[in-house]
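Residue numbers 559 to 1013, in my numbering, belong to the letters of the sequence shown in order. Note that beta-carbon positions come from the ideal geometry of N, C-alpha and C, so glycine has one too. Okay, structure first, notes after.
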Amino acid sequence: MTDQRPSIVWLRDDLRLADNPALTAAVTRDAPMVVVYLLDEESRGIRPLGGASKWWLHHSLDSLGADIAARGGTLVLRRGAAEVEIPKLVSETDAGAVFWNRRYGRSRDIDAALKTSLRDDGREVESFRANLLFEPWTITTQEGNPYRVYTQFWKSCLEQGVARDPLDAPTSIRGFEAASDDLDDWALLPTRPDWAGGLREHCAPGENNAHERLEGFAEDVLESYHRRDEPGVEATSGLSPHLRFGEISPLQIWHRLHAALPREAQANAAKFLGEVGWREFNYNILFNFPELHERNYRSAFDAFPWADTPEWEIDAWRQGKTGVPLVDAGMRELWHTGTMHNRVRMVTASFLIKNLLVDWRVGEAWFWDTLVDADEANNPANWQWVAGSGADAAPYFRVFNPVLQAQKFDKGGRYIRRWVPELEAGEYPLEPIVDLAQSRRDALKAYDTMKATSG
């Protein structure tokens, strides 16, 4: 006789119904199910979300809850440490099975311990690959080591190939009654002050919006993707926050961009999928180095002589008041929209690290709080890439000159004028807080000191 004890589907960074292997497993088991999202800010190794990510999470859960309700189920919300709350929910519901999709940072230790204890208690427990194209342990060098160079990593991924097609969303969900928190009680949205007006204007969380975004990119924007480095041009996908919260899977993106495309778009599609590959590479780094947001991947940088930069200069960077137009435009875009163009992210990060000689962890923490797509792998890995301390990092002597970058990638000044409207009136009223040429020389001198110190 089939076990009719309910299944628990534990959602984390996979807030979608389609191509969700854990959900599909519960549907296949053919028993009532509890679909639960647990807001865990207490477990060891869990990094609490920043303010912008909390805003996105609220609206993503609201959208997902409506989608589940339309299929006959209920999204259950719980808050607390996973090692306490998941066994508690299992006990309350007498669940026969627990399914989830895998995580790859420190939190995987929580999952492993729960899997063992729940199985010992007689429950069926399975985890699945859902949010990466390739599991980190499947892409290694011939010696079995993780790749340290992206091009070699991605070449190995492409040689292995993507194994399966995306899974369909269930047409119905057999719900099972369980106590749930009220989403509003979590207070994920800012109130005093309400700084999220720009996010409401520019962001559209939710699975349906993620797919609309993908279709719009494939149909209307992909042909311009070769201009992706120009921040004033609509040439990027805008999918990163949807990927971060799992409202869409990389597998769905992969298959959509391998569908029939005009010949002129195929090269752009391959380049874009290479950026998806960069995300895979960063997760591979995180899996093998889970302290990524806390420690230098390259230990030689532990000896780097960061400057005692005045706090007012760091605040000027945060607020977009450095007197350097492209840097200020990027930081204002970030504050207003919760996102920033990728080219400008590199420029603003380089300015903080190399022109102000501020530890990359300061900037990474600010982006973690203000980006709607702040991701436990991408955010620290990309900051370490700019700093030169990461895997396959940019050489430290590569210091982005924000003036030259603007001249090259924002020739007409469209992007800068949008976010720094003061320039329309003539000269920028803010004086640069640092001399770009001298600060570059200081940065290179600091790097030489690090090399001499670390040997």
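CA-CA distance, L676 to P645, rounds to 7 Å. Cβ-Cβ separation between T651 and P564: approximately 5 Å, consistent with a contact (criterion under 8 Å). In this model, G971 and A949 are separated by some 33 Å (Cα to Cα). One Cα belongs to D620, the other to A858, and the distance between them is close to 45 Å. Taking the Cβ atoms as the reference, W864 lies roughly 5 Å from D917, within the contact range of under 8 Å.
Under the three-state reduction of DSSP, F845 is assigned to helix. The secondary-structure analysis by DSSP pairs A655 across a beta bridge with S565 and E682. According to the DSSP assignment, Y708 belongs to no beta strand (DSSP E) but to the alpha helix (DSSP H) extending over Y708 to Q718. The three-state reading of DSSP puts M898 in coil, since its state is none of H, G, I, E or B.
Beta-bridge annotation (DSSP): L780 is not paired with any residue. By the neighbour-count definition (other C-beta atoms within 10 Å, threshold 16), D726 is an exposed residue.
Distance from the Cα of R956 is smallest, within the candidate group S997, W893, Y986 and R574, for S997. As DSSP reads the structure, V592 sits in a beta bridge with I566.
Between G663 and I626, the alpha-carbon positions lie close to 28 Å from each other. In this structure, the alpha-carbon of P579 lies about 38 Å from that of M889.
Here H784 is exposed, its C-beta having fewer than 16 other C-beta atoms within 10 Å. The shortest CA-to-CA distance from D873 to any of V905, L910 and N766 is the one to L910.
Here the alpha carbons of Q824 and L809 stand approximately 17 Å from one another. The C-alpha of F847 lies about 28 Å from the C-alpha of D577.
Runs of the beta strand (DSSP E) lying entirely within the segment 569-624, each at least 3 residues long, are 591-597 in chain order. Judged by beta-carbon spacing, V920 lies beyond the 7 Å limit of T906, meaning their Cβ atoms are not closer than that value. The straight-line gap separating the alpha-carbon atoms of A932 and P938 is approximately 9 Å. Of the residues assessed, A983 falls on the exposed side of the cut-off, its CB having fewer than 16 other CB atoms within 10 angstroms. When C-alpha distances from P799 are compared across R814, A793 and A762, the shortest belongs to A762. Residue ranges of uninterrupted alpha helix (DSSP H) with 4 or more members, entirely inside the segment 719-779 and ordered along the chain, are 755-760 and 765-774. Taking all protein chains shown into account, N703 has fewer than 16 neighbouring C-beta atoms within 10 Å of its C-beta and is therefore exposed. Unbroken alpha helix (DSSP H) runs of no fewer than 4 residues, entirely contained in the segment 930-963, are found at 936-945, following chain order.
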